[in-house]
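In the working numbering, the protein residues as written are 7 to 291.
Below is one structure, written out as structure tokens; the observations come after it.
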């Protein structure tokens with residue numbers, strides 16, 4: 007992909023994240039460019055996956071639009087006069103004060119939550135008396151917040167009390183309620199399309215009026231765990247259609263926190279899985 011630093015050079019780079027470059031657009035808006043970079047285990051790889059940024063942007067826009075009735079989001083109105091090579095990877099958004107929390111909602115026991123439960127019989131630090139198997143669906147979605155770490159650091163799971171200490175009780179309660187409502191809506195929506203959202207992550211900010219706003223990305227393969235669901239057979243396929251495939255590849259190849267050249271067949275598989283999830287959820291097949 008063209009270097010965004012060249013194509014978007016008229017804008018000041020405000021922040022460079024793991025995957026996104028954020029530029030100052032005007033006094034009240036930011037321009038978010040989603041690159042083809044890929045990260046895993048809080049490590050950013052130099053080798054990019056062509057087409058990944060476009061799929062993430064399209065899916066985030068679709069999901070932000072579908073959930074506007076639940077909570078306001080940071081998508082801003084306005085036509086983007088941008089070079090064609092970067093335009094479709096960009097979102098114009100309202101500036102917010104980003105809250106230092108990642109709001110994670112889990113509908114099924116998988117990923118790090120499963121690893122912790124298997125070792126300690128706890129979920130988010132709370133002892134669990136019910137016996138679960140891997141991938142089991144919870145009776146109700148579970149909210150498991152974490153810190154939002156600086157680039158290069160690792161997110162840390164925190165309790166509700168610790169979250170309240172960081173941002174206050176009122177915001178904590180609002181974020182928990184909205185996050186679960188978003189998850190339940192999207193879970194049912196995606197299931198009808200043949201996709202199960204096992205878990206996902208949200209980020210929030212406060213606008214100039216201190217109104218809570220949904221920001222960053224939502225329900226993309228980078229921030230969610232997707233499985234395929236056969237509605238006729240009512241059967242789940244636990245093969246990951248998200249970034250877990252890449253994480254598993256790294257583990258299987260004894261990756262040691264270092265830069266690698268990602269094989270072309272692995273890149274193709276990543277894009278294929280991301281596109282399958284996108285096509286099913288948006289029905290753009």
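Beta carbons are placed, not taken as given, at the ideal position from N, Cα and C, and that holds for glycine.
Outcome for residue i when other beta-carbon atoms lying within 10 angstroms are tallied against a minimum of 16
i	result
residue 273	buried
residue 136	exposed
residue 80	buried
residue 90	exposed
residue 107	buried
residue 61	buried
residue 250	buried
Beta-carbon gap between residue i and residue j smaller than 8 Å
i	j	result
residue 30	residue 20	yes
residue 252	residue 277	no
residue 121	residue 165	no
residue 105	residue 189	no
residue 73	residue 191	yes
residue 116	residue 140	yes
residue 114	residue 149	no
residue 199	residue 248	no
residue 172	residue 102	no
residue 43	residue 24	yes
residue 53	residue 268	yes
residue 10	residue 45	no
Start and end residues, beta strand (DSSP E) containing residue i
i	result
residue 96	96 to 100
residue 62	Here residue 62 belongs to no beta strand (DSSP E); instead the alpha helix (DSSP H) covers 58 to 72.
residue 225	Premise fails: residue 225 is in no beta strand (DSSP E) and is neither H nor E.
First through last residue of the alpha helix (DSSP H) which encompasses residue i
i	result
residue 112	From DSSP, residue 112 is part of no alpha helix (DSSP H) but of the beta strand (DSSP E) over 107 to 114.
residue 189	175 to 198
residue 209	Unbroken run through residue 209 is the beta strand (DSSP E), 201 to 212; no alpha helix (DSSP H).
residue 284	270 to 288
residue 253	250 to 258
residue 29	Premise fails: residue 29 lies in the beta strand (DSSP E), 26 to 30, not in any alpha helix (DSSP H).
- prompt: Are three or more beta carbon pairs between the stretch 225 to 236 and the stretch 61 to 75 nearer than 8 Å?
  reply: yes
- prompt: Quick check: the stretch 84 to 102 against the stretch 229 to 238, are there 3 or more CB pairs under 8 Å?
  reply: No contact exists between the stretch 84 to 102 and the stretch 229 to 238.
- prompt: Per the contact definition of three or more C-beta pairs closer than 8 Å, is the stretch 259 to 266 in contact with the stretch 175 to 186?
  reply: No: the two stretches stay apart, fewer than three of their Cβ pairs being nearer than 8 Å.
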